[in-house]
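>
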C-alpha cells in the first residue's frame with residue numbers, strides 16, 4: 019500500500035528526529051569521552067610534574083647533607099668525603115645523580131696553595147684547568163663515584179664557564195641551592211654530548227655572619243654540587259614509556275627557552 023504524502027512526511031520527520039537524537043547522543047558520548055581523556059591527561063601531566071619536582075627536592079636534601087658535613091668539621095679530607103658518600107648510600111638513595119662533589123671557592127692568590135694541598139692529601143697530579151689567570155676559581159676537588167668519566171672533571175674550574183658562574187653567584191648570594199642552565203658536562207666532552215645541568219649548594223665559613231649578601235660573599239668557602247644528565251634524570255623519574263609526550267624546558271632565560279628533554 020502506497021503511503022500518502024502526509025504519511026510520508028510523518029515517516030521522514032520521524033526518521034529525522036531519530037537521526038537527530040542519535041547525533042545528540044553521539045555528541046554527548048564523544049564529549050564525555052573527551053572530558054574523561056582531558057581529566058586523565060591533566061592528572062598524568064600533574065603527576066609527572068610533581069614527580070620531577072619531588073626528585074629535585076630529594077637532590078637538594080642530598081646537597082644540604084653534604085654541606086652539613088662541612089659545617090660539622092674544620093676540614094673534610096678526600097677520605098672523609100668518600101666515607102660519607104659510601105655511608106649514606108647516596109647513589110642508591112638518590113638515583114639520577116651523575117656525581118656528588120665538592121668545589122672550594124679559591125681566590126687567585128690561593129690557587130697554588132690549594133693545588134699543593136690537594137696533592138699532599140691524596141690527589142697526585144692535581145691541577146686546576148683550564149689554564150689562565152682569573153680572579154677566583156671554583157675547581158672540582160672531590161667527586162664520587164670516582165669512575166673514569168668523573169675523573170675527567172677533577173680539577174676543572176667551573177667558575178671559568180659563564181653559565182655555571184651565574185648559578186654559583188646566585189647560590190652564593192641567596193644562600194640557597196641553584197641550578198645552571200643547560201650545559202655539556204665535563205664528563206661527557208669525550209662522549210656523545212647530551213643536555214645536562216648542575217645543582218650547587220653554597221657552604222659558608224663556620225661562625226661567620228650571613229645576614230646580608232655582602233656577608234655571605236665574604237664568608238663563602240665553596241659548594242657541594244651534583245651534575246645531572248637530563249635524559250637519565252627524567253626517564254629515571256617517569257620511565258621510558260610515560261604514556262604521554264613529555265617536554266622539559268629550561269626557562270632560566272625566558273626570551274630563549276631551551277628544551278632539555280623531549
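Residue numbers (this note's numbering): 19 to 280. For glycine and all other residues, C-beta sits at the position ideal for the given N, C-alpha and C. Every value quoted in this text rests on a predicted model; they were computed, and no experiment measured them.
1) Under DSSP, the alpha helix (DSSP H) around residue 186 begins and ends at which residues?
2) How about residue 183 and residue 216: are their beta carbons less than 8 Å apart?
3) Whose C-alpha, out of 80, 201, 226, is nearest the C-alpha of residue 249?
4) Given a cut-off of 8 Å, decide if residue 177 and residue 218 are closer than it, judged by their beta-carbon atoms.
5) Could you please give the first and the last residue of the uninterrupted beta strand (DSSP E) stretch that includes residue 122?
6) Taking the C-alpha atoms as reference points, what is the distance between residue 132 and residue 253?
7) Taking contact to mean 3 or more Cβ pairs, one atom from each stretch, closer than 8 Å, check whether the region 157-167 and the region 118-125 are in contact.
8) Identify the continuous alpha helix (DSSP H) that holds residue 235 and give its terminal residues.
9) Taking C-alpha atoms, which residue in 187, 255, 62 lies nearest to residue 236?
10) Within its chain, find whatever has a CB closer than 6 Å to the CB of residue 164; leave out the 5 residues flanking it on each side and keep chain order.
Well, looking at it:
1) As a working mapping, residue 186 is identified with position 168 in the chain shown. Per DSSP, the unbroken alpha helix (DSSP H) holding residue 186 starts and ends at 180-192.
2) Looking up residue 183 in the chain shown gives position 165. Looking up residue 216 in the chain shown gives position 198. Not closer than 8 Å, so no.
3) Locating residue 249 in the chain shown gives position 231, counting from the first residue. Proximity to residue 249 across 80, 201, 226 peaks at 201, based on C-alpha coordinates.
4) Counting from one through the chain shown, the residue named residue 218 turns up at place 200. Counting from one through the chain shown, the residue named residue 177 turns up at place 159. A distance of 8 Å or more separates the beta carbons of residue 218 and residue 177.
5) Sequence index remark: in the chain shown, residue 122 carries index 104 (1-based). Run containing residue 122: 118-122, per the beta strand (DSSP E) assignment.
6) Indexing the chain shown from 1 puts residue 132 at position 114. Indexing the chain shown from 1 puts residue 253 at position 235. Going from the Cα of residue 132 to the Cα of residue 253 covers about 38 Å.
7) Yes, they touch.
8) The sequence position of residue 235 within the chain shown is 217, counting from 1. Segment 231-237, the alpha helix (DSSP H) holding residue 235.
9) Numbered from 1 along the chain shown, position 218 holds the residue referred to as residue 236. When only C-alpha atoms are compared, the closest one is 187.
10) The residue given as residue 164 occupies position 146 in the chain shown. Apart from the 5 residues on each side of it in sequence, residue 164 has no Cβ closer than 6 Å to any other Cβ in its chain.
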